[in-house]
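Going by the UniProt record's numbering, the first residue of the sequence shown is number 1, and it counts up by one from there. Cβ coordinates follow ideal geometry from the N, Cα and C atoms, glycine included. Computed from a prediction, not measured in an experiment: that's the story for all the values here.
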Amino acid sequence: MSLNFDYLLIVMQFIIRGKKVFLTAPTHTAINNSLDAFSKSFKVDWRAIKIGEKASNKEVQSNDMIQKLPRLQYWRWSQFLTDNNITGDYGIVIGATAYSLCYPVTKRLEGWTFDVAIIDEASQLSIPLALSIMSRVKKVIFVGDHKQLDPIIPKGTGNEMFAESIFGRLARLYPNEINLLNTSYRLNSDLIKIPNHLYYNDKLVADSSTKIDKKYYQSTNYSNILNSESHTLVLHNTFDSQGRSPFEAKLVADLVFDLLQNSVGLSDIGIVTPYRAQVREIKKEIKKKIGRNTSELFENLFVDTVDSMQGQERKYIIYSMSNSHPLESMHRLDFFYSPNRLNVAITRAINKCIAIANYKIFDIKESELSSHSEYQNVKGYLDTFKEYYNLAHKIELMDIEDEDW
1 MSLNFDYLLI
11 VMQFIIRGKK
21 VFLTAPTHTA
31 INNSLDAFSK
41 SFKVDWRAIK
51 IGEKASNKEV
61 QSNDMIQKLP
71 RLQYWRWSQF
81 LTDNNITGDY
91 GIVIGATAYS
101 LCYPVTKRLE
111 GWTFDVAIID
121 EASQLSIPLA
131 LSIMSRVKKV
141 IFVGDHKQLD
151 PIIPKGTGNE
161 MFAESIFGRL
171 ARLYPNEINL
181 LNTSYRLNSD
191 LIKIPNHLYY
201 NDKLVADSST
211 KIDKKYYQST
221 NYSNILNSES
231 HTLVLHNTFD
241 SQGRSPFEAK
251 LVADLVFDLL
261 QNSVGLSDIG
271 IVTPYRAQVR
281 EIKKEIKKKI
291 GRNTSELFEN
301 LFVDTVDSMQ
311 GQERKYIIYS
321 MSNSHPLESM
331 HRLDFFYSPN
341 RLNVAITRAI
351 NKCIAIANYK
361 IFDIKESELS
371 SHSEYQNVKG
381 YLDTFKEYYN
391 LAHKIELMDI
401 EDEDW
């Protein structure tokens, strides 16, 4: 994994000092990835425990350095230390969701209090859930990025507790308390350029361990795309239904087929889109193109929404924007043109990021939008998309002439 090594080093320092560390994130996948990277980086047996049912431990199931337990009462842990003649401070990191600390509703971590909690992907954690953690620990470290997706929270409640994430609230109230981990262990020097300029004031740097993909890809479909820049925006003028694009789905399937022909593993590919309808469309086309057993295929190949991809990574990311008629989604402009969603989509790749979009997404005419009730709220969003278009290396797949539209 290419998780920030500085963050993992913080965990290890607490363990060395004999502290009990609670490591959490909004999803089991994010927790598993952090524990997996931590255990492999420092190789400390019995210092890492994952709390959760077997189905939630997929990413760490084969890692013998991590103990997998459905629950662990504190008195049982104390008994383990006694039985093994372990005295003094014994540092440990336990990974679990925030719900595990909601005692007595759940008894997964009954009786535990922690010296420190490290909340990864904190920009996706709601304030009420954060409070359930903060009530059981002495110190909290929030690790996140408020330039990425917020948690899904109810609107119109009138309760400010649901107005934003815990990370967004703290970043807004205490901007001087933010420490930027400015080294990317995922994005290489090519992939980092666009998000760095759009979101981070060019303060990020790619770690020397990252490498630019210079491989030549054999291709029966789109050699010009696979052998293009590390980050490529593919533009087309095929107009499909709103939120679902068969054209883009077929293009995605062709690209996946070509990657597999170049000995790329299914688990190295991630396909994301804003809409669940497009997820279904892409899966249908990939199944037709690849022709493998469906359960095996999609157990290894990630095809899901952008929101589901936050906190994860793949060597190859294909982003299908799948909206040919942005003006028809006027009431959801803030969803589609969310700069945070775009940021997540284009920062998941290790080798290559291929974004696919109808050109109309970027052909934004102020005169068509200025009278819309959401316009003032999303104007900054639209500006981000325009700038992304200007920065990206573009390949055009235009099938019809302008006058025929």
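If you scan the region 288-341 from start to end, which runs of the alpha helix (DSSP H) of 4 or more residues do you find wholly inside it?
294-300, 306-309 and 333-336
Have a look at E387 and L198 and give me their C-alpha separation to the nearest angstrom.
8 Å
For A345, the three-state DSSP class (helix, strand or coil)
helix
Look at the Cβ atom of D145, then the Cβ atom of S123, and state whether they are nearer than 9 Å.
yes
Suppose contacts are defined by Cβ-Cβ distances below 9 Å. Is L109 in contact with I94 by that definition?
yes
What is the DSSP secondary structure of E403, counted as helix, strand or coil?
Residue placement at E403 is poorly supported in this model, since its pLDDT is 45, which falls under 50; the coordinates are not used for a value here.
Can you tell me the Cβ-Cβ gap for G265 and R348, rounded? I've got them flagged as a contact below 8 Å.
About 16 Å; that fails the 8 Å criterion.
Just mark W405 as buried or exposed, buried being the case when its beta carbon has 16 or more other beta carbons within 10 Å.
Unreliable positioning characterises W405 in this predicted model, as indicated by a pLDDT of 40, which lies under 50. A coordinate reading is not provided.
Nearest candidate by alpha-carbon position, reference A392, set Q13, Y375 and I346:
I346
Near D190, which residues of its chain fall below 6 Å by C-beta distance, leaving aside the five closest residues on each side in sequence?
I212 and S230
Cutoff 8 Å; reference K139; Cβ partners in own chain excluding five residues on either side:
D115, V116 and A117
E396, enclosing beta strand (DSSP E) - first and last residue:
H393 to L397
Length of the line joining the Cα atoms of K289 and V60
31 Å
Hey, how far is the Cα of M321 from the Cα of N84?
55 Å
Entirely within the region 22-97 and at least 3 residues each: give me those beta strand (DSSP E) ranges in chain order.
48-51, 66-69 and 92-95
Touching by the beta-carbon criterion (3+ pairs, under 8 Å), the region 295-315 and the region 166-179:
no
Classify G270 as helix, strand or coil using the three-state DSSP reduction.
strand
Could you check if D36 is buried or exposed, using at least 16 other CB atoms within 10 Å of its CB as the buried criterion?
buried
Straight-line Cα distance separating Y275 from W75:
46 Å
Could you tell me which uninterrupted beta strand (DSSP E) segments, each at least 3 residues in length, are contained entirely in the region 349-392, listed from first to last along the chain?
349-358
Which of the three DSSP states is assigned to L235 in this structure?
strand
Assuming A357 contacts L233 under a Cβ cut-off of 8 Å, what Cβ separation, rounded to an integer in Å, is found between them?
7 Å
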